[in-house]
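Worksheet: the structure to be examined is printed underneath.
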Amino acid sequence: MSEISDQLHEIQNRVRSACRKAGRDGEAARLVAVSKTFPVEALLEAVAAGQEAFGESRLQEAEPKIEALPGTLEWHFIGRLQRNKVRRILPLFQFIHAIDSRKIADYTNEVAEDLGLYPKVFLQVNQAGEESKGGFTEAELREQLEAMLRLSHVEIIGLMTIPPAVEDPELSRPWFRELRKLRDELEKQFSIQLPCLSMGMSGDFEIAVEEGATHVRVGSAIFGKRAYRVAGELA
Ligand SMILES: *Cc1c(COP(=O)(O)O)cnc(C)c1O
Numbered sequence: 098m099s100e101i102s103d104q105l106h107e108i109q110n111r112v113r114s115a116c117r118k119a120g121r122d123g124e125a126a127r128l129v130a131v132s133k134t135f136p137v138e139a140l141l142e143a144v145a146a147g148q149e150a151f152g153e154s155r156l157q158e159a160e161p162k163i164e165a166l167p168g169t170l171e172w173h174f175i176g177r178l179q180r181n182k183v184r185r186i187l188p189l190f191q192f193i194h195a196i197d198s199r200k201i202a203d204y205t206n207e208v209a210e211d212l213g214l215y216p217k218v219f220l221q222v223n224q225a226g227e228e229s230k231g232g233f234t235e236a237e238l239r240e241q242l243e244a245m246l247r248l249s250h251v252e253i254i255g256l257m258t259i260p261p262a263v264e265d266p267e268l269s270r271p272w273f274r275e276l277r278k279l280r281d282e283l284e285k286q287f288s289i290q291l292p293c294l295s296m297g298m299s300g301d302f303e304i305a306v307e308e309g310a311t312h313v314r315v316g317s318a319i320f321g322k323r324a325y326r327v328a329g330e331l332a
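Reminder that position 71 of the sequence shown reads as 168 in my numbering, one-by-one numbering, no gaps.
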């Protein structure tokens with residue numbers, strides 16, 4: 098067994114255990130393997146070990162990988178969505194995790210309509226109001242969600258967060274709990290379903306699952322340390 102498949106199986110088990118610990122179904126949280134910076138060979142090992150969902154954050158890097166891998170995989174675009182890339186991103190990725198403004202939501206809808214696609218999207222919430230991160234404030238969401246729900250070609254499935262980086266993963270718990278609470282409140286306010294919460298990374302995915310994550314985005318705990326930083330993004 099390769100190191101990647103060992104680590105993948107370990108993370109899959111830990112996700113399941115965290116689900117059960119929280120009284121949830123063992124399959125209630127989907128593991129999105131974040132493969133940015135890692136080569137096709139690494140992804141192939143993960144595929145051989147049963148992994149189906151992958152997350153990438155840069156279009157130029159993802160395009161050749163997606164091309165080289167089986168067409169049955171599920172692709173999640175987790176990076177910041179740039180307007181000039183949307184037209185190439187939508188045909189490749191079924192899930193978009195970081196819709197971070199009303200403008201980009203509207204534009205994504207426009208392009209999706211043009212292409213006859215219906216991407217599933219998360220709205221990113223900038224919970225701590227960090228300058229370095231995109232996302233809606235809570236107030237903006239309450240104000241703008243109704244209009245975005247009317248978009249014909251993007252399916253808003255839930256909320257996403259990247260809380261401030263911390264050493265102790267327990268410190269992320271309040272942010273995860275707050276995102277879930279916000280989701281619950283929005284569901285009530287607009288009489289809608291927002292079933293998904295994209296939250297939790299290598300350092301804190303178990304806590305995110307305990308707090309209701311349906312999608313955890315885990316990279317380095319599966320593939321190892323990344324050799325370089327992606328400019329303008331998380332390490
Ligand atoms: C890189 C990245 C991850 C994965 O981070 P790890 O700490 O390696 O698990 C998750 N989410 C986003 C948005 C990322 O950019």
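Even for Gly, the Cβ is constructed at its ideal location relative to N, Cα and C. Computed from a predicted structure; not experimentally measured.
Proximal residues to Arg-113 (C-beta, below 6 Å), its chain only, five neighbours per side dropped: Gly-123
Backbone secondary structure at Ile-108 - three-state DSSP: helix
For Phe-302, the first and last residue of its enclosing alpha helix (DSSP H): 302-307
Simplified DSSP assignment, three categories, for Arg-277: helix
Proximity of Ile-108 and Ala-318 at Cβ, strictly below 7 Å: yes
Buried/exposed call for Val-263, threshold 16 Cβ in 10 Å: exposed
Nonlocal neighbours in the same chain, by C-beta distance under 8 Å from Pro-188, ignoring five residues either side: Closer than 8 Å at the Cβ level, and outside the excluded window around Pro-188, lie Leu-212, Leu-214.
Residues bridged to Ile-196 [DSSP beta-bridge criterion]: Leu-220
Proximity of Leu-291 and Gly-255 at Cβ, strictly below 7 Å: yes
Stretch-stretch touch, CB-based, cutoff 8 Å, three pairs: the stretch 184-203 with the stretch 229-240: The stretch 184-203 vs the stretch 229-240: in contact.
Whole-angstrom distance between Ala-139 and Phe-151, CA atom to CA atom: 12 Å
Buried or exposed (CB count within 10 angstroms, at least 16 for buried), Pro-216: With 16 or more Cβ atoms within 10 Å of its Cβ, Pro-216 is classed as buried.
Contact set for Glu-171: own chain, Cβ-Cβ below 8 Å, skip 5 residues either direction: Glu-149, Ala-150, Phe-151, Gln-191, Phe-192.
Among Leu-220, Glu-252, Met-296, the one whose alpha carbon lies nearest that of Gly-309: Met-296
Buried/exposed call for Gly-316, threshold 16 Cβ in 10 Å: buried
Secondary structure of Ala-146, DSSP reduced to three states: coil
Counted within 10 angstroms of its Cβ, other Cβ atoms place Lys-162 as buried (16 or more) or exposed: With 16 or more Cβ atoms within 10 Å of its Cβ, Lys-162 is classed as buried.
Neighbourhood of Glu-303 by C-beta distance below 7 Å, restricted to the same chain and skipping five residues each side: Excluding sequence neighbours, Glu-303 sits near Arg-111, Ala-115.
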